[in-house]
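Novice: Heads up, the working numbering is the position in the sequence shown plus 212, with the first residue counted as 1. Glycine is no exception: its CB is placed at the ideal position from the N, C-alpha and C atoms. Since the structure is predicted, the reported quantities are computational estimates derived from the model, not experimental observations.
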Amino acid sequence: MRLPKINLLVKILIAIALGILAGYTLPIWLDRLFATFNGIFNQFLGFLIPLLIVGFVAPAIAEIGNKAGKMLIATAALAYLSTSLAGFMSFGLSDFIFPHLITPHSLGDLGTGHDLEPYFVVIIPPLMDVMSALTLAFLMGIALAYLPGNTLKSGFVEFREIISLAISKVIIPLLPLYIFGIFLNMTVSGQVATVLSAFMKIILIIFAMSFLLLIIQFSIAGLVAKRNPFKLLWTMLPAYFTALGTQSSAATIPVTLRQAIKMGVSEETAGFVIPLCATIHMSGSAMKIVACAVALMLMEGMPYDAGMFATFICMIGISIVAAPGVPGGAIMASLGLLASFLHFSEANQALMIALYIAMDSFGTACNVTGDGFIAVIINKCFPTKKNKDEELILE
């Protein structure tokens, strides 16, 4: 008899609970064994991040750039604008709200191996830094979009598959054990109560932000299409609740497509925009990542300003477009930017992963529902013959 499959969120929650319990019960010599594993995992993750950027961003740019068409350009531009504006909105609200809810410096120094020293350290230096990886990815992606021939492009697509396998077969399965080690470490150092208390506040605020974002998006769509925005949003709610269960934009495409057509979007436009936006529109993910980053930086007393986050948000709108299609893929694609632009340590990144995945379904649901607002706008700006006939009948 096959046991039921446990999704990643449940595994992470179990790992957090077991990590706290183990921190109070296990002997230090055994705790140090898990600290050793976390040190090796950190090194491998740091090695993989630049390869992930090159492997996902370069072929994504090549594939989009090779498909000419005004509708494609408009959809991609609107998806990037929506993702970036969601990040800026999230930063503004987080910077205003979180200082009243989170005690600054409440975590102190959350460096790797705090109070728990690993038995040994394995150094795996990355082949390049994050900015070099981004530059190479853009250079190769743009070149591949315009150069004839498919040999090198096929090579990058296969390289993407290799990195995707490394994430889905190594990183994701070992992630709960990594989170277990992080919370074990925090329990031993006496920080776990502060972290869990802050997590609950952050999750509630981000949940409220997601609905505010959707109201803003559909208000814009309603203004452009001259429709009732709340009726449009209500029509898209089945897609929202489906995404809550599946935690996958791709798996929700059939429902999103059906609801977009029910909003009045033509079948041709919906069939083009919805599958594309399932890959490139990540407004909910950007909102979560930015809010979690602000919260963790406040908890550790790390300095930040609007300029630092402006650069980070503009870059994240590009990086998570190429996020691997696995639970938590967006945060995996953002780890390099967190380290490069916001100076997140390995332990900071681990907390970001845990906090992000705890809300993964909410971000995915926000992404998917927001795809409908883009479909409405594109449908209005690029009317098909069927749309034009319907407008003539209404007149």
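(1) At the level of alpha carbons, what is the spacing between ALA559 and ALA472?
(2) For ALA505 versus MET564, is the C-beta distance shorter than 8 Å?
(3) Counting along the chain, where does the alpha helix (DSSP H) carrying ASN560 start and finish?
(4) Counting pairs of beta carbons, one from the region 406-415 and one from the region 467-485, are three or more of them closer than 8 Å?
(5) Please report the residue range of the alpha helix (DSSP H) in which ILE304 lies.
(6) Under 8 Å: do the region 342-359 and the region 248-262 share three or more Cβ pairs, one atom per stretch?
(7) Quick one: give me the first and last residue of the alpha helix (DSSP H) that SER376 is part of.
(8) How about the region 491-503 and the region 288-301: do they share at least three Cβ pairs that are nearer than 8 Å?
(9) Compare the beta carbon distance of SER573 and ILE532 with 8 Å and say whether it is the shorter of the two.
(10) DSSP three-state label for LYS438, please.
(11) Relative to the C-alpha of ALA577, which residue among PHE368, SER401, LEU426, ILE285 is closest?
(12) On the DSSP letters alone, give me the boundaries of the alpha helix (DSSP H) that LEU339 sits inside.
(13) With GLU329 as the anchor, note down where its alpha helix (DSSP H) starts and where it stops.
(14) According to the neighbour-count rule (16 or more other Cβ atoms, all chains shown, within 10 Å of its Cβ), is SER366 buried or exposed?
(15) From what residue to what residue does the alpha helix (DSSP H) around THR481 run?
(16) Express the C-alpha separation of GLY267 and LEU313 in angstroms, rounding to a whole number.
(17) Pull up the CB-CB distance for LEU328 and ASN254, whole angstroms please, since I reckon it's below 8 Å.
(18) The alpha helix (DSSP H) that contains VAL400, what's its start and end?
(19) Alpha carbons only, please: which of SER546, VAL485, PHE308, PHE249 is nearest the one belonging to MET343?
(20) Mind checking which residues open and close the alpha helix (DSSP H) that includes GLY529?
(21) By how many angstroms is the C-alpha of GLY361 removed from the C-alpha of LEU510?
(22) Short of 7 Å in beta carbon distance, which residues of its chain neighbour ILE309, apart from the five on each side in sequence? Order them along the chain.
(23) Starting from the Cα of GLY393, find the closest Cα among PHE246, GLY529, ILE486 and give me that residue.
(24) Taking only three categories from DSSP, how would you classify SER573?
(25) So, helix, strand or coil for MET421, using DSSP?
(26) In the DSSP assignment, find the unbroken alpha helix (DSSP H) run with SER497 in it and report its ends.
(27) Check whether the region 447-458 touches the region 578-585, counting contact only when three or more Cβ pairs, one atom from each stretch, lie closer than 8 Å.
(28) Please classify PRO466 as buried or exposed, where buried requires at least 16 other C-beta atoms within 10 Å of its C-beta.
(29) What number of angstroms, rounded off, separates the C-alpha of LEU359 from the C-alpha of VAL382?
(30) When the Cα atoms are used, what is the spatial distance from ILE224 to PHE395?
(31) Helix, strand or coil for MET412 per DSSP?
(32) Could you please give the first and the last residue of the uninterrupted alpha helix (DSSP H) stretch that includes LYS474?
(33) Taking 8 Å as the threshold (C-beta atoms), are PRO441 and ALA451 in contact?
(34) Using CA coordinates, which residue listed in ILE379, LYS443, LEU387, LYS500 is at the minimum distance from PHE419?
(35) To the nearest angstrom, report how far apart VAL485 and LEU389 are at their CA atoms.
Specialist: So, from the data block:
(1) To locate residue 559, count along the sequence shown from 1; it is residue 347. To locate residue 472, count along the sequence shown from 1; it is residue 260. Roughly 41 Å separates the two Cα atoms.
(2) Indexing the sequence shown from 1 puts residue 505 at position 293. Indexing the sequence shown from 1 puts residue 564 at position 352. With respect to the 8 Å criterion, ALA505 and MET564 are classified as neighbours on the basis of their beta carbons.
(3) As a first step, residue 560 is located in the sequence shown; it is residue number 348 there, counting from the start. Segment 558-570, the alpha helix (DSSP H) holding ASN560.
(4) These segments do not touch.
(5) Sequence index remark: in the sequence shown, residue 304 carries index 92 (1-based). Rather than Ile, the amino acid found at residue 304 in this sequence is Gly. Start and end: 282-313.
(6) As far as the Cβ criterion goes, the region 342-359 touches the region 248-262, which means the pair count is three or higher.
(7) The count along the sequence shown starts at 1 and reaches residue 376 at position 164. 363-378 is the span of the alpha helix (DSSP H), which, as asked, contains SER376.
(8) Taking one beta carbon from each stretch, the region 491-503 and the region 288-301 have 3 or more pairs nearer than 8 Å; the two touch.
(9) The residue given as residue 573 occupies position 361 in the sequence shown. The residue given as residue 532 occupies position 320 in the sequence shown. Using a Cβ distance threshold of 8 Å, SER573 and ILE532 do not count as a contacting pair.
(10) The residue given as residue 438 occupies position 226 in the sequence shown. Residue state, collapsed to three classes: coil.
(11) One-based indexing of the sequence shown puts residue 577 at position 365. The shortest CA-to-CA distance from ALA577 to any of PHE368, SER401, LEU426, ILE285 is the one to LEU426.
(12) Here residue 339 is taken as the residue at index 127 of the sequence shown, counted from 1. That residue, LEU339, is in no alpha helix (DSSP H); it is neither H nor E in DSSP.
(13) On the sequence shown, position 117 is the one that residue 329 refers to. In the DSSP annotation of this structure, GLU329 is not part of any alpha helix (DSSP H), being labelled neither H nor E.
(14) Counted from its first residue, the sequence shown places residue 366 at position 154. The residue is exposed, with fewer than 16 neighbouring Cβ atoms inside 10 Å.
(15) On the sequence shown, residue 481 is found 269 positions in, with the first residue counted as 1. 479-492 is the span of the alpha helix (DSSP H), which, as asked, contains THR481.
(16) Within the sequence shown, the letter at position 101 stands for residue 313. Within the sequence shown, the letter at position 55 stands for residue 267. The C-alpha of LEU313 lies about 39 Å from the C-alpha of GLY267.
(17) Counting from one through the sequence shown, the residue named residue 328 turns up at place 116. Counting from one through the sequence shown, the residue named residue 254 turns up at place 42. Actually they are not in contact, since the Cβ atoms of LEU328 and ASN254 sit about 13 Å apart, beyond 8 Å.
(18) Against the sequence shown, residue 400 aligns to sequence position 188. DSSP places VAL400 in the uninterrupted alpha helix (DSSP H) bounded by 384-400.
(19) For the purposes of this step, residue 343 is taken as the residue at position 131 of the sequence shown. Ranking SER546, VAL485, PHE308, PHE249 by Cα distance to MET343 puts SER546 first.
(20) The sequence position of residue 529 within the sequence shown is 317, counting from 1. Residues 518-531.
(21) Counting from 1 along the sequence shown, the entry for residue 510 is found at position 298. Counting from 1 along the sequence shown, the entry for residue 361 is found at position 149. Here the alpha carbons of GLY361 and LEU510 stand approximately 50 Å from one another.
(22) Counting from 1 along the sequence shown, the entry for residue 309 is found at position 97. Answer for ILE309: ILE417, listed in chain order.
(23) Translated into the one-based positions of the sequence shown, residue 393 becomes position 181. Measuring from the Cα of GLY393, the nearest candidate turns out to be PHE246.
(24) Your numbering for residue 573 matches position 361 in the sequence shown. Per DSSP, reduced to three states, the secondary structure at SER573 is helical.
(25) Numbered from its first residue, the sequence shown carries residue 421 at position 209. The answer is helix: DSSP assigns MET421 an H, G or I state.
(26) For the purposes of this step, residue 497 is taken as the residue at position 285 of the sequence shown. Bounds of the alpha helix (DSSP H) holding SER497 are 495-512.
(27) A contact is defined here as three or more CB-CB pairs under 8 Å, and the region 447-458 meets this definition with respect to the region 578-585.
(28) If you number the sequence shown from 1, residue 466 lands on position 254. Exposed.
(29) Taking the first residue of the sequence shown as position 1, residue 359 is located at position 147. Taking the first residue of the sequence shown as position 1, residue 382 is located at position 170. If I take the Cα positions, the gap works out to 34 Å.
(30) Within the sequence shown, numbered from 1, the residue matching residue 224 stands at position 12. Within the sequence shown, numbered from 1, the residue matching residue 395 stands at position 183. In this model, ILE224 and PHE395 are separated by some 11 Å (Cα to Cα).
(31) Taking the first residue of the sequence shown as position 1, residue 412 is located at position 200. DSSP places MET412 in helix when its eight states are reduced to three.
(32) Numbered from 1 along the sequence shown, position 262 holds the residue referred to as residue 474. Its alpha helix (DSSP H) spans residues 465-474.
(33) For this step, residue 451 is matched to residue 239 along the sequence shown. For this step, residue 441 is matched to residue 229 along the sequence shown. Not in contact: ALA451 and PRO441 (Cβ atoms no closer than 8 Å).
(34) Position 207 of the sequence shown, counting from 1, holds the residue named residue 419. Nearest C-alpha to PHE419: LYS500.
(35) Numbered from its first residue, the sequence shown carries residue 485 at position 273. Numbered from its first residue, the sequence shown carries residue 389 at position 177. Between the C-alpha atoms of VAL485 and LEU389 there is a straight-line separation of about 38 Å.
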